[in-house]
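Undergrad: One structure, as structure tokens, below. Some questions next.
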RNA sequence: GACCCCAUCGUCUAGAGGCCUAGGACACCACUCUUUCACAGUGGAGACACGGGUUCGACUCCCGUUGGGGUCGCCA
């Protein structure tokens, strides 16, 4: 079988993390089987669909590299086809006109709730004579759902799921204004697009029953459904705007690399033995729906960050500098000079092993970019007491005499000096760190001195020694 | 409330009846390395929700309980 999968977001907001993973799983499965991965924008809700949301979704997917194999299908553009199918259903007696007003329906639900019955449409117009139709009211078209027996779906993730048909009411397929609803459009589009596997969030599980019924009424084969577990917030509650339900652009802005996000998302609900860190090529080779878990998962920033740190480590210095530069220049309030850029190039290897995210990398890099005199952190200032300043003043001379200024020469000079004066290395190294970086935390101080260059390093020492 | 789904360390997970004294990863703790902070390495603590079955044998199969989640729109 030629596999065709699809990701079908509704453009009513950004692409959130759950949607991104749904897209990823569909993409992986299509790639794994050598099939096709399609994108369908479900924009039949004209009131809530926006071009901005479409843009955000497309941007998010492209940032993650989840490109579809064909141009996106816009569901609303296919409304005539949908209406045509509905007409077909009416003709065959599988659908009917319902003249209940929204208010009547709301009332019906209220009453059902009060009587503690389930809140389903009661089928008022199901078998009523169309001649009773009230004048001046545009009817909706409802699906005449089977009232006996049960509907069974063989879900590729959840297994066999059965529901009694008495639980399902007659859903609306065409609104009073003649536009198709989601439930109908999905069925028609999945069929027309040749979708063989519908991988989607578990929140669609109950929809699968109704869609299966429509497929049956149409005499079409339903795709294989695979309802993947939902992603919850760190506290186990449903992802809401308050926590976790961010657009993927937010993750980019938080300094996460797309390959880290992808790798992390793979491990949320899917696994390949104990493999934790792997490329999309490996994931493609390994991915199968049977290995997807059933239970909901929680989003864990710590683990994402840890993965991100590893991907940052493996990134080229050029890429990292390009990613960090906007943040650095924003903090600086001006573009970086060529000198500073060169320092970043030279210092990046040890900077990047310390950063979990790009903003952290920016923070870590700032001391290479700042102009003299440096501002000191509290701890650095404390480190620069009078004794420390005296020691710095002492070491300045030998350093100034160096002809070759590199990590080795600075290190041997400082070490020799410490030995000669019978000082522990830290007694000089720590004040030196404070002077050179303005902080008590930095990469190896001799490397820092080398990267800074003789002039800048000596200047920063003088700044620290000078009375403030 | 009705219906549906789920249930292994705090979190993500391995586990397809004996391989399990339940493995890995993140987080946590300790140690090593180190001028600092990281990185890295080593070690540690930490789970099969509960109760019944089935079986010679259950984390694995069945039932129930409890807990969690989802759905119940002229939204998708």
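Residue numbers (the working numbering): 1100 to 1567. Ideal Cβ placement from N, Cα and C applies to all residues, glycine included.
1) By DSSP, does residue 1473 sit in helix, in strand, or in coil?
2) Taking the beta carbon of residue 1362 as the centre, do at least 16 other beta carbons fall within 10 Å, making it buried, or is it exposed?
3) Which same chain residues, not among the five before or five after residue 1308, have their C-beta less than 7 Å away from its C-beta?
4) Pull up the DSSP beta-bridge partners for residue 1369, would you.
5) Report the residue ranges of all alpha helix (DSSP H) runs contained in full by the stretch 1471-1556; include only those spanning at least 4 residues, in chain order.
6) Since residue 1181 and residue 1283 should fall inside the 8 Å C-beta cutoff, what is the C-beta to C-beta distance between them, to a whole number of angstroms?
7) Give the straight-line distance between the Cα atoms of residue 1594 and residue 1297, rounded to the nearest whole angstrom.
8) Helix, strand or coil: which one does DSSP assign to residue 1328?
9) Let me confirm a value: residue 1100 is counted as buried when at least 16 other C-beta atoms fall within 10 Å, else exposed. Which label applies?
10) Which residues in the same chain as residue 1474 place their Cβ atom closer than 8 Å to its Cβ, once the five residues preceding and following it in sequence are excluded?
11) Alpha carbons only, please: which of 1155, 1499 and 1511 is nearest the one belonging to residue 1556?
12) For residue 1186 and residue 1143, which I take to be in contact (beta-carbon distance under 8 Å), what is that distance rounded to the nearest angstrom?
13) How would you label residue 1310, buried or exposed, when you count the other beta carbons within 10 angstroms and need 16 or more for buried?
14) Taking only the alpha-carbon atoms, compute the straight-line gap between residue 1220 and residue 1203 and give it to the nearest angstrom.
15) CB-CB under 6 Å to residue 1294, same chain, minus the five flanking residues each way: which ones, in chain order?
16) Would you mind sorting residue 1195 into buried or exposed? The rule is 16 or more other CB atoms within 10 Å of its CB.
17) Looking only at its chain, what residues have a beta carbon closer than 8 Å to the beta carbon of residue 1376, apart from the 5 residues adjacent to it on each side?
18) At a cut of 8 Å, does the stretch 1326-1340 reach the stretch 1435-1442 through at least three beta carbon pairs?
19) Count the other C-beta atoms from every protein chain shown that fall within 10 angstroms of the C-beta of residue 1141, then say buried if there are 16 or more, exposed otherwise.
20) Should residue 1301 be labelled buried (16 or more other beta-carbon atoms within 10 Å of its own) or exposed?
21) Can you check which of these residues, 1365, 1422, 1389 and 1393, is closest to residue 1402 by C-alpha distance?
22) Name the DSSP beta bridge partners of residue 1197, please?
23) Note down, in chain order, each residue of its chain lying with its Cβ closer than 6 Å to the Cβ of residue 1169, except the 5 sequence neighbours on either side.
24) Going by C-alpha distance, which of 1390, 1264, 1389 and 1371 is nearest residue 1381?
25) Could you give the distance in angstroms between the alpha-carbon of residue 1524 and the alpha-carbon of residue 1495?
26) Any idea what DSSP makes of residue 1210, helix, strand or coil?
27) When you compare only the Cα positions, how much space is there between residue 1482 and residue 1565?
28) Three Cβ pairs or more, each shorter than 8 Å: is that satisfied between the stretch 1144-1162 and the stretch 1346-1357?
29) Looking at residue 1275 and residue 1243, is the spacing between their C-beta atoms short of 8 Å?
30) So what does DSSP say about residue 1346, is it helix, strand or coil?
31) Three or more beta-carbon pairs under 8 Å between the stretch 1352-1361 and the stretch 1444-1463, yes or no?
32) Exposed or buried, what is residue 1246 when buried is set at 16 or more other beta-carbons lying within 10 Å of its beta-carbon?
33) DSSP state of residue 1141, grouped into three classes?
34) Going by Cα to Cα distance, which pick from 1529, 1234 and 1127 is closest to residue 1383?
35) Give me the Cα-Cα distance between residue 1393 and residue 1379, rounded to the nearest whole angstrom.
36) With burial defined as no fewer than 16 other Cβ atoms inside 10 Å of the residue's Cβ, what is the status of residue 1502: buried or exposed?
TA: In terms of the structure at hand:
1) coil
2) buried
3) 1250, 1252, 1262 and 1267
4) 1391
5) 1477-1482, 1485-1499, 1506-1519, 1524-1536 and 1544-1551
6) 6 Å
7) For the chain, the structure presents residues 1100 to 1567; residue 1594 sits outside this window and is missing.
8) coil
9) exposed
10) 1537
11) 1499
12) The Cβ separation is near 17 Å, so there is no contact.
13) buried
14) 10 Å
15) 1103, 1105 and 1322
16) buried
17) 1362, 1406 and 1409
18) no
19) buried
20) buried
21) 1365
22) 1239
23) 1137
24) 1371
25) 15 Å
26) helix
27) 15 Å
28) yes
29) no
30) strand
31) yes
32) exposed
33) coil
34) 1127
35) 22 Å
36) exposed
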